[in-house]
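Enquirer:
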Amino acid sequence: MFALVDCNNFYVSCERVFNQKLEGRPVIVLSNNDGCAVARSNEAKALGIKMGAPLFSLKELIKQHSIVALSSNYALYGDMSNRVMTLLREFSPSVEVYSIDEAFIQMNGLAGQWESLSLLGKTIRQRVKMWTGLPVCVGMAPTKTLAKIANHLAKKRSEFQGVCDLSALSEAERCAYFCSLDVGEVWGVGRRIAQHLHNMRIDTVEDLRNANTQLIRSRFGVVMERTVCELQGMPCLALEEMTPPKQQIISSRSFGSMVCSYDELREAVASYLLRAAEKMRAQESICCAVHVFIETNRFRVNDPQYANGVTIPLTEATADSRRLVAAALYGLKRIFKAGYYYKRAGVILMQLSPAAMRQSTLFGHASIQDDVIMQTVDSINKRFGRSAITLASAGVHHGWHMLAERRSPCYTTQWDDVPAAR
DNA sequence: TCTGGGGTCCTAGGACCC
DNA sequence: TCTGGGGTCCTAGGACCC
Numbered sequence: 273m274f275a276l277v278d279c280n281n282f283y284v285s286c287e288r289v290f291n292q293k294l295e296g297r298p299v300i301v302l303s304n305n306d307g308c309a310v311a312r313s314n315e316a317k318a319l320g321i322k323m324g325a326p327l328f329s330l331k332e333l334i335k336q337h338s339i340v341a342l343s344s345n346y347a348l349y350g351d352m353s354n355r356v357m358t359l360l361r362e363f364s365p366s367v368e369v370y371s372i373d374e375a376f377i378q379m380n381g382l383a384g385q386w387e388s389l390s391l392l393g394k395t396i397r398q399r400v401k402m403w404t405g406l407p408v409c410v411g412m413a414p415t416k417t418l419a420k421i422a423n424h425l426a427k428k429r430s431e432f433q434g435v436c437d438l439s440a441l442s443e444a445e446r447c448a449y450f451c452s453l454d455v456g457e458v459w460g461v462g463r464r465i466a467q468h469l470h471n472m473r474i475d476t477v478e479d480l481r482n483a484n485t486q487l488i489r490s491r492f493g494v495v496m497e498r499t500v501c502e503l504q505g506m507p508c509l510a511l512e513e514m515t516p517p518k519q520q521i522i523s524s525r526s527f528g529s530m531v532c533s534y535d536e537l538r539e540a541v542a543s544y545l546l547r548a549a550e551k552m553r554a555q556e557s558i559c560c561a562v563h564v565f566i567e568t569n570r571f572r573v574n575d576p577q578y579a580n581g582v583t584i585p586l587t588e589a590t591a592d593s594r595r596l597v598a599a600a601l602y603g604l605k606r607i608f609k610a611g612y613y614y615k616r617a618g619v620i621l622m623q624l625s626p627a628a629m630r631q632s633t634l635f636g637h638a639s640i641q642d643d644v645i646m647q648t649v650d651s652i653n654k655r656f657g658r659s660a661i662t663l664a665s666a667g668v669h670h671g672w673h674m675l676a677e678r679r680s681p682c683y684t685t686q687w688d689d690v691p692a693a694r
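So the first sequence is numbered by the working numbering: it starts at 273 and just counts up by one.
#1: Please state if the CB of L391 and the CB of L382 are separated by a distance shorter than 8 Å.
#2: Here's a check: name, in chain order, each residue in its chain whose Cβ is nearer than 7 Å to the Cβ of P691, leaving out the five neighbours to either side.
#3: Starting from the C-beta of E478, find all residues in its chain whose C-beta is less than 7 Å away, skip the five residues before and the five after it, and write them out in chain order.
#4: Can you tell me which of the three DSSP states K428 falls into?
#5: Could you check where the beta strand (DSSP E) with R525 kicks off and where it finishes?
#6: Go through the segment 474-525 residue by residue and report every complete run of the alpha helix (DSSP H) that reaches 4 residues or more, in order.
#7: For a quick check, are the C-beta atoms of V562 and L511 less than 8 Å apart?
#8: Measuring straight from C-alpha to C-alpha, what distance separates R397 and N314?
#9: Could you have a look at F565 and say whether DSSP puts it in helix, strand or coil?
#10: Output the distance between the C-alpha atoms of M472 and L425, rounded to the nearest integer angstrom.
#11: Roughly how many whole angstroms lie between the Cα atoms of G307 and R679?
#12: Give a yes or no on whether the C-beta atoms belonging to M412 and L389 are separated by under 8 Å.
#13: Thinking just about the alpha-carbon of each residue, which of V301, C409, E443 is nearest to the one in E431?
#14: Please determine, among A589, Q433, E443, R606, the residue with the shortest C-alpha to C-alpha distance to N280.
#15: Starting from V289, follow the alpha helix (DSSP H) in both directions and report where the run begins and ends.
#16: Buried or exposed: where does L487 fall if 16 or more other Cβ atoms within 10 Å of its Cβ makes it buried?
#17: Go ahead and label I640 buried or exposed: buried means 16 or more other beta carbons lie within 10 angstroms of its beta carbon, across all protein chains shown.
#18: Applying the criterion that 16 or more other CB atoms from any shown protein chain within 10 Å of the CB defines a buried residue, is L634 buried or exposed?
#19: Among V367, S526, A628, which residue has its Cα nearest to the Cα of S543?
#20: I need the DSSP call for C279, collapsed to helix, strand or coil.
#21: Under the assumption that S524 contacts G618 (Cβ atoms under 8 Å), give the Cβ distance between them as a whole number of angstroms.
#22: Quick check on N580: does DSSP put it in helix, strand or coil?
#23: Which residue or residues does DSSP assign as beta-bridge partners of M595?
#24: Measure how close the beta-carbons of L327 and A341 come, nearest whole angstrom, since I'm counting them as under 8 Å.
#25: Output yes or no for whether 8 Å exceeds the beta carbon distance between S343 and A591.
#26: Roughly how many angstroms lie between the CA atoms of A664 and L601, to the nearest whole one?
#27: What does DSSP give as the partner residues of L302 in its beta bridges?
#28: From this set, H669, V284, D689, V310, which residue's C-alpha is nearest E539's C-alpha?
#29: In this structure, what does DSSP give as the bridge partners for P326?
#30: Note the first and the last residue of the continuous beta strand (DSSP E) segment covering C436.
#31: Checking 8 Å against the spacing of the C-beta atoms, do W459 and K420 come in under that value?
#32: Under 6 Å Cβ to Cβ from L418, same chain only, skipping five residues before and after it: list those, please.
#33: With respect to the beta strand (DSSP E) encompassing K609, which residues constitute its N-terminal and C-terminal limits?
#34: Is the distance from the Cβ of V284 to the Cβ of V356 below 8 Å?
#35: So for Y349, helix, strand or coil by DSSP?
#36: Report the three-state DSSP secondary structure of T587 (helix, strand or coil).
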């Protein structure tokens with residue numbers, strides 16, 4: 273048995289833990305650069321605000337209903353997420369952190385300690401609420417795909433009160449619920465495949481569950497076939513407790529304002545690279561290639577458009593920021609064209625491998641000293657804040673920096689922002 | 001004025017090998 | 001009349017997830 277624990281309206285709920293005034297009001301949290309709504313309170317959903325709706329299209333609605341729109345505060349959400357995951361591990365050692373706001377728990381062996389699975393689910397729900405202030409829902413079932421559906425029911429159907437054990441339902445009840453859910457609700461069925469399935473008259477979760485697996489495989493491939501098997505109760509996806517190291521690391525941002533000068537673009541690319549390289553060193557990897565890309569604002573259809581990217585292979589795998597920045601800026605020079613307004617840039621560190629298995633080249637430069645320098649820079653930045661030590665090429669003014677005009681304080685990660693109890 | 005960011009997996013097709 | 005068979009590796013593109 274798997275349980276899926278998923279926080280409700282996670283970003284909004286994090287904000288509410290520290291700001292009581294947000295309770296009961298429509299609240300949305302915006303994507304980077306204050307662009308789109310990426311989290312919505314139930315009140316905001318009730319007003320019809322869609323996931324990903326651009327902020328400018330909501331201006332009227334926001335004024336009309338006094339909706340609170342906040343910039344995203346990932347320092348806060350990441351820390352709250354860690355608290356929830358730590359708490360879940362007290363229930364079971366087998367926890368897969370699937371995303372910032374949800375985790376799968378393997379329940380095997382736990383059933384004996386609890387009167388019923390649903391009591392365990394309720395306890396998880398209560399304890400997370402009490403210890404972190406965050407509301408969660410729990411779905412339980414014999415496969416991960418079914419646990420996802422159980423969680424969906426726990427959230428949407430009030431009769432479950434936040435906890436749904438699919439295996440406790442009668443076959444008739446289960447069937448009725450599955451018939452009421454659109455096939456697009458299934459984990460692994462996105463927009464394109466949902467449309468394709470509808471064309472085949474596979475409309476509900478129940479329809480997909482009863483579909484011919486061979487036909488599904490021939491039309492959609494092995495991934496969708498597994499999904500159907502999982503819906504039938506046959507586990508195809510295991511719990512993944514160990515997160516494998518990332519195979520690539522991306523760092524990119526939209527600019528807060530349009531950028532047309534090469535110098536500004538260079539600063540941005542160098543800054544993004546430093547962040548990506550720091551992440552790469554944190555997972556003890558090195559990379560063999562750096563990809564740089566830049567693009568204009570594709571939404572301004574009347575502006576001249578240009579987007580390009582280039583991959584720069586490295587002669588020797590490295591995690592040294594100085595070498596990586598040099599490669600990225602060399603790439604940028606090759607793709608930069610003057611006369612355009614750029615809106616976004618980014619870098620991708622590719623072909624990652626474990627640093628411990630570095631293969632030197634005959635005339636290579638890698639030295640222990642370089643590693644020590646990078647380690648030192650990382651530990652200083654960790655202690656004194658990001659960019660306490662940086663490269664000059666990353667600049668200091670950052671006029672292109674993304675917008676975050678309504679960001680809440682870092683209540684749990686900055687001493688100066690810790691709320692006072694009076 | 002104004003539309004996010006960061007990932008994974010699978011497949012098809014091309015290049016190449018013997 | 002008429003030109004094999006079996007592989008690997010890499011990449012781009014398409015799908016999905018949050």
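Idealized CB from N, CA, C, for every residue including glycine. The structure displayed is predicted, hence computed values, not measured ones.
Expert: Straight from the coordinates:
#1: Position 110 of the first sequence, counted from the start, is the residue given in the question as residue 382. Position 119 of the first sequence, counted from the start, is the residue given in the question as residue 391. It is not a contact, given that the beta carbons lie outside the stated cut-off.
#2: Taking the first residue of the first sequence as position 1, residue 691 is located at position 419. Excluding residues within five positions, the ones whose Cβ falls inside 7 Å are F290, Y683.
#3: Within the first sequence, the letter at position 206 stands for residue 478. These residues qualify, in order along the chain: C447, F450, C451.
#4: Indexing the first sequence from 1 puts residue 428 at position 156. DSSP places K428 in helix when its eight states are reduced to three.
#5: The residue given as residue 525 occupies position 253 in the first sequence. Segment 521-531, the beta strand (DSSP E) holding R525.
#6: 477-481, 485-492, 494-503
#7: Here residue 562 corresponds to residue number 290 of the first sequence, with the count starting at 1. Here residue 511 corresponds to residue number 239 of the first sequence, with the count starting at 1. No. Outside cutoff.
#8: Taking the first residue of the first sequence as 1, we reach residue 397 at position 125. Taking the first residue of the first sequence as 1, we reach residue 314 at position 42. So the two alpha carbons sit approximately 18 Å from each other.
#9: Taking the first residue of the first sequence as 1, we reach residue 565 at position 293. Strand, per DSSP.
#10: The sequence position of residue 472 within the first sequence is 200, counting from 1. The sequence position of residue 425 within the first sequence is 153, counting from 1. So the two alpha carbons sit approximately 25 Å from each other.
#11: Along the first sequence, one-based indexing puts residue 307 at 35. Along the first sequence, one-based indexing puts residue 679 at 407. Looking at the two C-alpha atoms, the distance is approximately 13 Å.
#12: What you label residue 412 is simply residue 140 of the first sequence in a count that begins at 1. What you label residue 389 is simply residue 117 of the first sequence in a count that begins at 1. For M412 and L389, yes; Cβs fall inside 8 Å.
#13: To locate residue 431, count along the first sequence from 1; it is residue 159. Here the closest residue by C-alpha is C409.
#14: In the first sequence, counting from the first residue as 1, residue 280 sits at position 8. Of A589, Q433, E443, R606, the residue nearest in Cα terms is Q433.
#15: Against the first sequence, residue 289 aligns to sequence position 17. Taken as a continuous stretch (DSSP letters only), the alpha helix (DSSP H) holding V289 covers 282-290.
#16: For this step, residue 487 is matched to residue 215 along the first sequence. L487 comes out exposed.
#17: On the first sequence, residue 640 is found 368 positions in, with the first residue counted as 1. Per the 10 Å Cβ criterion, exposed.
#18: Within the first sequence, residue 634 is the residue found at index 362, counting from 1. Exposed, since its Cβ has fewer than 16 Cβ neighbours within 10 Å.
#19: Along the first sequence, read from residue 1 onward, the residue named residue 543 stands at position 271. Measuring from the Cα of S543, the nearest candidate turns out to be S526.
#20: Sequence index remark: in the first sequence, residue 279 carries index 7 (1-based). C279: strand per DSSP, three-state reduction.
#21: In the first sequence, counting from the first residue as 1, residue 524 sits at position 252. In the first sequence, counting from the first residue as 1, residue 618 sits at position 346. That pair is a contact at about 2 Å.
#22: Here residue 580 corresponds to residue number 308 of the first sequence, with the count starting at 1. Correct three-state label for N580: strand.
#23: For this step, residue 595 is matched to residue 323 along the first sequence. Per the sequence shown, the amino acid found at residue 595 is Arg instead of Met. DSSP output for R595 lists no bridge partner at all.
#24: Looking up residue 327 in the first sequence gives position 55. Looking up residue 341 in the first sequence gives position 69. Between A341 and L327 the Cβ distance is about 7 Å, and since that is below 8 Å, they are a contact.
#25: Indexing the first sequence from 1 puts residue 343 at position 71. Indexing the first sequence from 1 puts residue 591 at position 319. Contact flag unset, no.
#26: On the first sequence, position 392 is the one that residue 664 refers to. On the first sequence, position 329 is the one that residue 601 refers to. Cα to Cα, A664 sits roughly 13 Å from L601.
#27: Numbered from its first residue, the first sequence carries residue 302 at position 30. The partner list for L302 (beta bridge, DSSP) reads A309.
#28: Looking up residue 539 in the first sequence gives position 267. Looking at the Cα atoms, H669 is the closest of the given residues.
#29: By 1-based counting over the first sequence, the position of residue 326 is 54. In the DSSP output, where bridge partners are listed per residue, P326 has C308.
#30: Residue mapping note: residue 436 aligns to position 164 of the first sequence, counting from 1. Start and end: 435-437.
#31: By one-based count along the first sequence, residue 459 stands at place 187. By one-based count along the first sequence, residue 420 stands at place 148. Closer than 8 Å, so yes.
#32: In the first sequence, counting from the first residue as 1, residue 418 sits at position 146. Cβ within range, chain order: L438.
#33: Looking up residue 609 in the first sequence gives position 337. Run containing K609: none; DSSP gives neither H nor E here.
#34: As a working mapping, residue 284 is identified with position 12 in the first sequence. As a working mapping, residue 356 is identified with position 84 in the first sequence. No, these two residues do not count as a Cβ contact at 8 Å.
#35: Translated into the one-based positions of the first sequence, residue 349 becomes position 77. Three-state result, Y349: helix.
#36: Taking the first sequence and counting its residues from 1, one reaches residue 587 at position 315. Residue state, collapsed to three classes: strand.
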